Every structure is written in structure tokens, then in C-alpha cells.
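**Q**
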Amino acid sequence: MNEITLISVVSLGAIGSVAAIILYMVAQKFKVIEDPRIDIVADKLPGANCGGCGLAGCRALAEAIVKAESLEGMNCPPGGNEVMKDIAAALGLEAEEQDPMIAVLRCNGSRENSPPKVKYDSHMTCAFAHSLFAGEGGCPFGCLGCGDCVVACAFDAMYMDPATGLPVIIDDKCVACGACVKACPRSIIEMRKKGKKDRRIFVSCINKEKGGPAKKNCAVACIGCGKCVKECKFDAITMENNLAYIDFNKCTLCRKCVPVCPTNAIHELNFPPRKPKVEVAAETASE
Amino acid sequence: MKTFKLGGVHPPENKLSEKAPIEVLAIPAVVSIPVSQHLGAPASPVVAKGDKVKTGQLIAKGAGFISANIHSSVSGTVVKIDDMPDSSGYRKKAIVINVEGDEWDEGIDLGSELVRECNLTPQEITARVNEKGIVGMGGATFPSHVKLMVPPGKKAEVLIINGVECEPYLTSDHRLMLEKADEMLVGITIQMKALGVTKAIIGIENNKHDAIEHLSYKVKDYPGISVEALKVQYPQGGEKQLIKALINREVPSGKLPIEVGAVVHNVGTAFAVYEAVQKNKPLMERVVTVTGKNLKKPSNFLVRIGTPVSELIEAAGGLPTDTGKVVNGGPMMGKAITNLEVPVTKGTSGILIFPEREAARKPVQNCIRCARCLNVCPMGLEPYLLSVLADKKRLEECEVERIMDCIECGSCLYICPSGRPLLDQIRVGKAEVGSMIRKRSQH
Amino acid sequence: MSLLTVSGSPHVHDSQSVSKIMYGVVYSLIPAMLVSFYFFGLAAILLTLTAVISCMAVEYVIQKYLMKGPVTVFDGSAIITGILLAFNVPANLPLWMVVVGSAVAIGMGKMTFGGLGKNPFNPALVGRVFLMISFPVHMTNYPKATAFSTQLTDIVTGPTPLAIMKEGLQKGESVAEIIPQIPEYAQLLLGQMGGSMGEISAIAILLGGLFMAYKKLITWHIPVAYLGTVLVFTGIFWLIDPGYHFNPLYHLLSGGLMLGAVYMATDMVTSPMSPLGMLIFGIGCGVLTVVIRMFGAYPEGVAFSILIMNAFVPLINRGIKPKRFGEEVKNG
Chain Z
1 MNEITLISVV
11 SLGAIGSVAA
21 IILYMVAQKF
31 KVIEDPRIDI
41 VADKLPGANC
51 GGCGLAGCRA
61 LAEAIVKAES
71 LEGMNCPPGG
81 NEVMKDIAAA
91 LGLEAEEQDP
101 MIAVLRCNGS
111 RENSPPKVKY
121 DSHMTCAFAH
131 SLFAGEGGCP
141 FGCLGCGDCV
151 VACAFDAMYM
161 DPATGLPVII
171 DDKCVACGAC
181 VKACPRSIIE
191 MRKKGKKDRR
201 IFVSCINKEK
211 GGPAKKNCAV
221 ACIGCGKCVK
231 ECKFDAITME
241 NNLAYIDFNK
251 CTLCRKCVPV
261 CPTNAIHELN
271 FPPRKPKVEV
281 AAETASE
Chain S
1001 MKTFKLGGVH
1011 PPENKLSEKA
1021 PIEVLAIPAV
1031 VSIPVSQHLG
1041 APASPVVAKG
1051 DKVKTGQLIA
1061 KGAGFISANI
1071 HSSVSGTVVK
1081 IDDMPDSSGY
1091 RKKAIVINVE
1101 GDEWDEGIDL
1111 GSELVRECNL
1121 TPQEITARVN
1131 EKGIVGMGGA
1141 TFPSHVKLMV
1151 PPGKKAEVLI
1161 INGVECEPYL
1171 TSDHRLMLEK
1181 ADEMLVGITI
1191 QMKALGVTKA
1201 IIGIENNKHD
1211 AIEHLSYKVK
1221 DYPGISVEAL
1231 KVQYPQGGEK
1241 QLIKALINRE
1251 VPSGKLPIEV
1261 GAVVHNVGTA
1271 FAVYEAVQKN
1281 KPLMERVVTV
1291 TGKNLKKPSN
1301 FLVRIGTPVS
1311 ELIEAAGGLP
1321 TDTGKVVNGG
1331 PMMGKAITNL
1341 EVPVTKGTSG
1351 ILIFPEREAA
1361 RKPVQNCIRC
1371 ARCLNVCPMG
1381 LEPYLLSVLA
1391 DKKRLEECEV
1401 ERIMDCIECG
1411 SCLYICPSGR
1421 PLLDQIRVGK
1431 AEVGSMIRKR
1441 SQH
Chain U
2001 MSLLTVSGSP
2011 HVHDSQSVSK
2021 IMYGVVYSLI
2031 PAMLVSFYFF
2041 GLAAILLTLT
2051 AVISCMAVEY
2061 VIQKYLMKGP
2071 VTVFDGSAII
2081 TGILLAFNVP
2091 ANLPLWMVVV
2101 GSAVAIGMGK
2111 MTFGGLGKNP
2121 FNPALVGRVF
2131 LMISFPVHMT
2141 NYPKATAFST
2151 QLTDIVTGPT
2161 PLAIMKEGLQ
2171 KGESVAEIIP
2181 QIPEYAQLLL
2191 GQMGGSMGEI
2201 SAIAILLGGL
2211 FMAYKKLITW
2221 HIPVAYLGTV
2231 LVFTGIFWLI
2241 DPGYHFNPLY
2251 HLLSGGLMLG
2261 AVYMATDMVT
2271 SPMSPLGMLI
2281 FGIGCGVLTV
2291 VIRMFGAYPE
2301 GVAFSILIMN
2311 AFVPLINRGI
2321 KPKRFGEEVK
2331 NG
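Going down the list, the protein sequences come from chains Z, S and U. Residue 1 is where the first sequence starts when you use our numbering, and the numbers rise one by one after that. Residue 1001 is where the second sequence starts when you use our numbering, and the numbers rise one by one after that. Residue 2001 is where the third sequence starts when you use our numbering, and the numbers rise one by one after that.
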């Protein structure tokens, strides 16, 4: 009995030792020397792998930052300035202050504003619908309503509103990763500055057609009349291809352009309700 | 009887208009002629608003090698050049002409007598085909002059004429073969001359007995041309399938038919080539089948390009009240149109009207892996797999599984018992893989 | 007029649908069902009804209350699972066990994976194997197929031909000594033998198989490959030593082989997609079945071999591609 035990222990021990030596040698030979700072940076990133930085995932960003030894052009939209400052502190670098961004839907072609002219009956993805026709409402620029953006959102920050047929962005959950922007075949979603107190003003339309055809399909289309451009004192609004665009870097949120739009295509978000005319002027002056 | 071996389906034929002779449709009051009616770059207009044009006059010039000239189909005044709805579902640039009388451009022979002799050189023939804006009339609208020029290092051995008309419902090619056989055969002879081949085979599916008989009798006067009856099977009209069926050669993946020494042209194209070369007449009208189960008078019309679809439907007895879908083209590969004012273009082989009960697709259910899609795929692909890979954006795997070989014939979606949108997903995937490949080749 | 529909091509569709396919299979099962009703009587009818109803009920409950999605109980797939499960157990199995088997078949074998079309294993076989392992005594106590009886209990029971063969060989008897104990070919063909409810009549099952092939619900590849492999494999052994091995015909006609080859292995969901893959699948099933029958502990190996091969299906689908157009260029 003792003998058997002894033989087992010795032989197994020998096999184990040989295996350990081989393992050690292999591990030495194929050792990957990695900058330890990559792990430090990766730990600080949110780990959502959303791709908002433009790279394949959080680790890719960490590697890129460490390799570049600089934070220039690097940004983690979900993490925001805090995370970037944190990383900057850890690596002894300087972080650029980035304005927080948010996804904005630039189409208001709901079923009511742009009533369906045909019925779509195929695979419910915007990518396919876009290749097939202009859309149920007839607008070749408008939202197709199949929800590719909602599927693309990894943060549950979007849902389809069954009443309007348009996606809705939940501001609190949106981290501005830009996945929806890439998913939309018509580039309807735009990343815009979050704005002071979450206040935003934007043209909720990207239709580049002339006024007539645009208005025919949708009651709230930008018809390119240019009234907002004339109204704006800060040169924030430009008109190109029959479409007004508000530059969020120049816009002072005075919201004077909103009421002049004949089709209500300019939207204001998170502003207090408008008071009678005189006081509006007073308030904007105080801001 | 010959046919292609791999895959294929046989949908109900429903050739409702096969006995209806080709009627000349009245010229409409206004035509809208899109500048992009062909594969390749859109043509650029050479007329301006207010210009007077004559029938057959060049109004837009092909831009580049793969492009085609566009000619006016009517005489009158150009009222605008603007984005107009077309069958793509979008608004595209078109030349709108108000019709005033019907005055033809000089040099066009309007007589009906057959001209058999053709003394042009192959280069002159190709130039004439190019000048007259001839494109593939089967639906793909590939500029014909490109196909008549054999690329250096390759040799054309046989010209294959596609008289298959494998799409259910459509009969425009069938009627053309019956009524314009001689013109078509002269057209084929001219194409043979341009290509430098001595042999041409006309493939016709066996559901068109009268056309097979008629042409078999006629070809006796035309050396080198023969007629071959084919077993009815969709998609036999696909270039690669037709070549396989007729001469048993397989065009390698990603290559053109010339690789196996074959050039394929549609019967409609052969007729158009005849008119262009022998009569100097540009491609400005075509035969269109207007059909549908509830349509009063399924017909074949000779229509001026640019005529609104609604005029054709009106001439065929008006839009039935229970219409649920209108398709430009055949039921397997045609495109549903959103607006009945869209114009007939060079590629419009038929206008198909479906009643409401046939308009909707089957409800989508789970895939039960019945393998029917795989068995009917004429390219030997696995549609069930490709559709999933495409939907999950696994594009590299799509490419390995040869998504680019898909000819979009629709057999998989036709056969799927679960009503899964196989082809929809594959099309999206194909577009994405295509742009991925292009991007890669740029680097 | 309502709005025009816009959809991608093609605009016509084949009239076949999932439920048509499923009910086609159900119809093809009728001959085998009638034979089992004839031989096992009322017990078989009750068993089948119990299995079908409990399968449908389990599917309904799971779809409605757990998955909270659409309910597709009437698409016919649960009915097939129910009938096939009943076919795979002895006719005198206590009904509560059938209910348990149905719950496992549908619940574990099918719905866990997401429902119809997503299950890797044949649900009826999952149920059968579960019962086999849980209640081995009841599951191997086969009633004798005699003629129509209304008895529910106290039926004469006995071993299946395969069990007789295996036991005999294990006791050291020779083939010549065993053969008189087992039914003759004609009896095997018609179904006069001990066995699971639906597996007994080879001819009824073949009839159903021909119906399915005619209706294009199955292709010939799997049954032919499966049965052919068993025939060849057992034939080789028989030729080597006919004193110790049985005539291959016995192997073909007895046990669950026919039922397995025609109905269980050909299940669309759990079999390979390409024709060549189907042949490989059938051959694998055949080899495993013979190995289990000859060298394994169980007298019958159809259920296990099909389940094992089911596990290989994704691999086969991945490795075996259909012949692509334009792949090998043979010009001539």
C-alpha cells in the first residue's frame, strides 16, 4: 500500500514539475510586455464599449491615449469631462474641456404632420426602407420610423413613440456616444451641445427640397424661407440648399427665431413657457 | 429539355396578356423623362427650359463610358428640368416636356419595311448603339454599347439572346418575338457582326410555344442563329443562369459572362439595336405589359418613354378599386411604386397591379430551418445564413459566404414558409459589404 | 381605396406556410397512429391525447405567461411533438408520466431555446430520453401488440425484439436459438411486436414517409442515409459471423429505427440544411445506432444517436456548404 502511494506521489509530482517548467518557459517566451498605464486608464473608463470615442472599445481608447501620450482629440462621451480629467491626472497630462453633447432628432414628421401616403410592408429596418422608397410620409429626408437608432442605442436611451412613429431620446440616459447617428441611414440625428440648463434650439428638419415639395409632404418642414436667418442677430443661422441650420456654438439661446418660423420647424427644448411679449424681452436681457 | 441545374422556383405563370397584340398608346399631354434611366452615371441635359424639341432629338448626353444618351420621346417645349418623382421612390432629375404635335427629328426612317443589309463596321455599329442610347431592355438597363465591345484579351464566342421572360405576368418580350421577329433577327445579326461571332442562340421558355415555333421558322433565313426551348423555371432570365442553361458554362464568381465567351442581350435590346442601326431611330419608346388579375384589359402597349404610368393603367381599363400595390417590372424583381404619376423609363418591362389581398407579405414567423431557401437559391448560397449575418452586421463573414454573388432574384423570399425578409436583409448586407470592399480597395 | 403598399421584391409568394408544413407532418402520422390504436387499443388513444394536449398546454402557458409574446400553439408543431412523444413511449405508461414528459419536451427541449426553430435537439426525443432515464422500469415495460383492446391495465407485457436479441446474446444463446422467440418479418413489418406505441409498424411509418416526401416536407437524404448505413453496417457483421449477429433486416424492422429515421431525424429544425450535410447526418445516426445496439448497455440506440447527431448539426452546417454557382469552372 505504502509503496503504491509513494509511486503515485513521486510520478505525479514529477509530471507536475515537468509541466510547470514547460509552462514557465512558454510564458517567458511569449510574454507580452504591456504598458501598465493602459490598465490604469482602462479602469477609469466606463467600460461600456460603446464606440463613442471613435475606437473599437474602451481598451482601444486606453491604448490610444497611452500611446499618444496626450489627450488631444481623445474624448469619452459617456464619461464626460470628469473621466477625462481623472485620466489626465493619472497620466500627468492636460485634458481639454469638452462641452457635453447630446443626440437631437432633427425630424418632426410624425404621422400627424406628415400623414402616410403609402403603407410600408417589408423588413422593419430603416436601412432597407431607405433603399426602397422615400418613406411612408413621402419625405425623402425624413424619419423612416423603423427604429434602427433604437436598436443601435446601447444605453436604452431611445424608444419609438407608437403615436408619432418617431424615436424619442431620453435626455438623462443619452451619453452622446453617437451610435444612433451612425445607424441612421438619413443622418437625421445630430450631436449637439447639451446647452445651458439643457436648453437647446434647433431646426427640426433636414429636408433640402424646395419649399413646395417639402411642405407638400410635411406640415412642419423647413421650407427655406430665410426668416430665421434675418431674425438672428448672432449669425448663428445659415441657409444652405433650402435648409436652415443653427450653429450651436454661435446660438445664444435667445429664441427669437422660434416664433418667426412659419412652419414651426424650429424647436426649443427645456425652456420655461413663454410669457407675454414684453416680459420675454426682459428675460432674455437678464440672461 | 435544357435548363439551369442549381436551385430555381416555378411561381404561377399568370401570363394574362400573352394573347393581347401590341397596341400603340396615345402620346400623353406631358412627359417627364428622367436623366437616369440606366445603370451608371446619369446623363447631363443638353436642352434648357423653353427649348423646342423634336421627337427623337438628343436631350441629355451620357456622362462617361457607362452611361447612356437620352432622347426626347415627343415633340414640344421643355417646361422644366427639375426633380420629379420616379419609380425609385425618390425624386430625381427629369426633363419635362409639354407635347405639341408629333414632329420627328430629321434622318429617322419611319417606314415599316424591313431593312436587312447592314454595311457598317463593328465600330460604327457600337458607336450607333451608343449614340442612340440603347440599354438592356430586360430590366437591368445596362448600357448596351459596353456589352458590344469585347474587352481586350477576351474573345466572344457566342451571342445569347434572352427571350426567356421568366418573370410571371410579363409578356412584352413574348409579343415582341411574335410581332417583330424579322426586325429582331436582323438586330441579332447586327449584334453578331459587332461582336465578331458567328453563332447566336435565342433561349425561350417552353410556355411560349407560338414564339418558339414562329422564330424556329424565321431563323432559317438568318445563318448562325438558332432557337432553343427551355424548361420553365425562374430565374432563367438571369444572365448566369441562361448561359448555364444554354451552353452549360458557369460564369465564375464575380466575373462577367465574357469570361466564358458569352454575351447576353435581351430580345427587346435586339429590336432596339435594329431600329437604331437600320432606321436611325433612338430608344424613345418601348413595349410595356400592363397586367393584373383584376384589371379589365391586360394589355401590351408600345409606349413613349416618359409617359405617366397612370395613362397606361387608364388605357388598360382603369385602376381596379381594390388595388393594393402597383409594381414597376415583374412580380419577382420589380419595384413597388408609390405614385402613379411616375414615368415609364427604358427599363419598364411591365406595370403590374395587385389586388389588396395579394399586396401584403406573409406574417413573419421563426425560421424553421426547412432549407427551402438554400435549395432554391440559383447561386448556391445560404440565404438563411446570409440574412442573419447581414442583420447582425457581421460583414466579413457575409463576404466569405459570398453575399456578393447574390443576384437578388427573390427566390428565397418567394419560397420561405415563415415569410422571413431574407432578401431584404441580404440586400442591405450586400450594399454594406460592397462599400466595405470599395473602401478596402482604396487603401 | 386604401393606401398602396410598398414592399421589397418579390411581390408573389409561395402558398406554403409553417402551419401547413406542420399539419402536413401531422397528417402523415395518421397511418402509424391508426396501427397503434389497433394494436394497443384505448390506452394508445388516451396516451396520444394526453401527450398532445399537455404539449400544447405547456407551450401556451410558457408563451403567454413567461415569454409574454405571441401565442403560436396552433401552428401544429406542438401537436407533432405530442404525437411523436406518445409514439416513443410504451402504450401502458402512466398518464402522469406522459404529462411530465410533455412538459420536459416542450419546456426544456423547445421553449428554453426560444421556441419553434431555435431548439438544437428534437423536443420529443428530449422528452423520451428524460422519461427513459427517470422511469426506466415503466419505460421498458412494453405491452404486447395483439389486437384492439379496451383494457387500460393488466395488459400482457413483454420485451421488444431488440431486448430479446440483446438478452439472448448476453446469456450466450446463439442466433439460431433466439430467432424463434422474436416475431417474423411479416409481423415486424405490420407491427405485431412489442415496442413503443408508434414505432411498431414499419409499413405505416414508410407510408407516412412517402406522403411527406411527396408533399416535399422531407427529402430522401436523411432516411436513406440512416437506414442504408444501418443496413450496411449490420450486414458486414452478419456476413462475418451469422451465428453471433442478426440478419440486418431484423435491425431495420425492429425497434424505433423506422420511426427515428423517417420522423425524428428528418425534423427540419434539428437536421442539417444542405443535402450533403443531411447525408453525413444520416450516416452518423446510423453508425451510432448500430454501435449502441451492438456494444452498448441499452438494447435500442435510435433516440440517443439522433440526439448526439443533433448536437453536431451546427458544426455540419458550418462545415458543409452547398455547391456554389461558378465555383469550379467546368467549361465544355
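All C-beta atoms in this analysis are idealised placements derived from N, C-alpha and C, irrespective of residue type, glycine included. The model shown is predicted, which means the values in this text are computed figures rather than measured ones.
Could you run through the stretch 121-146 of chain Z and flag, in chain order, every residue whose CB is less than 7 Å away from some CB of chain S?
**A** Answer in chain order: Asp121, Ser122, His123, Thr125, Ala127, Phe128, Ser131, Leu132, Phe133, Ala134, Pro140.
**Q** Give the secondary structure of Gly2198(U) by DSSP, where H, G and I count as helix, E and B as strand, and everything else as coil.
**A** Looking at Gly2198(U) - three-state DSSP - the assignment turns out to be coil, as it is neither helix nor strand.
**Q** Is the shortest distance between the beta-carbon of Arg1438(S) and the beta-carbons of chain Z less than 8 Å?
**A** By this cut-off, Arg1438(S) is not an interface position.
**Q** Ordered along the chain, which non-local residues of its own chain (more than five positions away) have a Cβ less than 7 Å from that of Ala1029(S)?
**A** Val1099
**Q** Might you give, ordered along the chain, the residues of its own chain that have their beta carbon closer than 7 Å to the beta carbon of Gln1278(S), omitting 5 neighbours on each side?
**A** Val1115, Cys1118, Val1186
**Q** For a minimum of 3 consecutive residues, which ranges assigned as the beta strand (DSSP E) are wholly contained in the stretch 1344-1410 of chain S?
**A** 1350-1355
**Q** Within its chain, find whatever has a CB closer than 7 Å to the CB of Arg1361(S); leave out the 5 residues flanking it on each side and keep chain order.
**A** Excluding its 5 nearest sequence neighbours in each direction, Arg1361(S) has C-beta neighbours in its own chain below 7 Å: Gly1419, listed in chain order.
**Q** Residues in the stretch 189-215 of chain Z with C-beta within 9 Å of chain S's C-beta atoms, listed in sequence order?
**A** Per Cβ criterion, the list reads Glu209, Lys210, Pro213.
**Q** Nearest to Leu1159(S) by CA position, among Ala1262(S), Ile1353(S), Lys1393(S), is which residue?
**A** Closest by alpha carbon: Ala1262(S).
**Q** Please list the partners that Val118(Z) has in chain U, where partner means a Cβ-to-Cβ separation under 8 Å.
**A** Leu2003, Leu2004, Thr2005, Val2006
**Q** Terminal residues of the continuous beta strand (DSSP E) containing Ile1059(S)?
**A** Its beta strand (DSSP E) spans residues 1058-1061.
**Q** Do Val1428(S) and the ligand MN come close, with the Cβ less than 7 Å from some heavy atom?
**A** In the structure shown, the ligand MN is absent, as is every other ligand, since no ligand is present at all.
**Q** DSSP beta-bridge partners for Asp1082(S)?
**A** For Asp1082(S), DSSP records a beta bridge to Ala1094(S).
**Q** So, with DSSP's three-state summary, where would you put Phe2074(U)?
**A** helix
**Q** Between which two residues does the alpha helix (DSSP H) harbouring Ile246(Z) extend?
**A** Premise fails: Ile246(Z) lies in the beta strand (DSSP E), 243-246, not in any alpha helix (DSSP H).
**Q** Shortest alpha-carbon distance to Gly1292(S) belongs to which of Gln1057(S), Ile1313(S), Gly1306(S)?
**A** Ile1313(S)
**Q** For Ala282(Z), is the classification buried or exposed, using 16 other Cβ atoms within 10 angstroms of its Cβ as the cut-off for buried?
**A** Since pLDDT at Ala282(Z) reaches only 45, below the 50 mark, its modelled position is unreliable, and no value is offered.
**Q** In chain Z, which residues lie with their C-beta within 8 Å of the C-beta of Thr1338(S)?
**A** Lys117, Val118, Phe133, Ala134, Gly138
**Q** So what does Asn1294(S) bridge to, in DSSP terms?
**A** Looking at the DSSP assignment, Asn1294(S) forms no beta bridge with any residue, so it has no partner.
**Q** Can you grab the Cα-Cα spacing for the pair Gly137(Z) / Val118(Z), in whole Å?
**A** 7 Å
**Q** Kindly indicate the opening and closing residues of the alpha helix (DSSP H) around Leu2125(U).
**A** 2123-2134
**Q** So, Thr1338(S) versus Ala183(Z), is the Cβ gap smaller than 8 Å?
**A** no
**Q** Just the C-alpha distance for Ala265(Z) and Arg1091(S), rounded to the nearest angstrom, thanks.
**A** Here the alpha carbons of Arg1091(S) and Ala265(Z) stand approximately 22 Å from one another.
**Q** Can you tell which of Tyr1217(S), Glu1228(S), Pro1223(S), Ala1181(S) has its C-alpha closest to the C-alpha of Ile1202(S)?
**A** Glu1228(S)
**Q** Would the beta-carbon of Gly1136(S) fall within 8 Å of that of Cys1409(S)?
**A** Cβ distance not < 8 Å, so Gly1136(S) and Cys1409(S) don't count as in contact.
**Q** Give a yes or no on whether 8 Å exceeds the smallest Cβ distance from Gly2101(U) to chain S.
**A** no
**Q** Less than 6 Å between C-beta atoms, sequence neighbours within five positions excluded: which residues of the same chain meet that for Glu1179(S)?
**A** Ile1022
**Q** Going by DSSP, what residue range makes up the beta strand (DSSP E) through Tyr120(Z)?
**A** Membership of Tyr120(Z) in the beta strand (DSSP E) is indicated by the continuous run 118-120.
**Q** Name, please, each residue of chain Z whose Cβ falls closer than 7 Å to the Cβ of Val1260(S).
**A** For Val1260(S), no chain Z residue has a C-beta closer than 7 Å to its own C-beta; the minimum C-beta separation is roughly 31 Å.
**Q** Drop a sphere of 10 angstroms on the beta-carbon of Pro2123(U), count the other beta-carbons inside from all chains shown, and report buried for 16 or more, exposed for fewer.
**A** buried
**Q** Identify the contact partners of Cys1370(S) in chain U, using a Cβ-Cβ distance below 8 Å as the criterion.
**A** Ile2021, Met2268
**Q** Determine whether the beta carbon atoms of Arg1286(S) and Ile1258(S) lie at a separation below 8 Å.
**A** Going by beta carbons, Arg1286(S) and Ile1258(S) fall outside the 8 Å limit.
**Q** Name, going along the chain, the residues of the stretch 1297-1314 of chain S whose beta-carbon falls closer than 9 Å to a beta-carbon of chain U.
**A** none
**Q** Look up Ala1336(S) in the DSSP assignment and give the residues it is bridged to.
**A** Val1327(S)
**Q** Does DSSP classify Leu253(Z) as helix, strand or coil?
**A** coil
**Q** Any idea what DSSP makes of Ile1160(S), helix, strand or coil?
**A** strand
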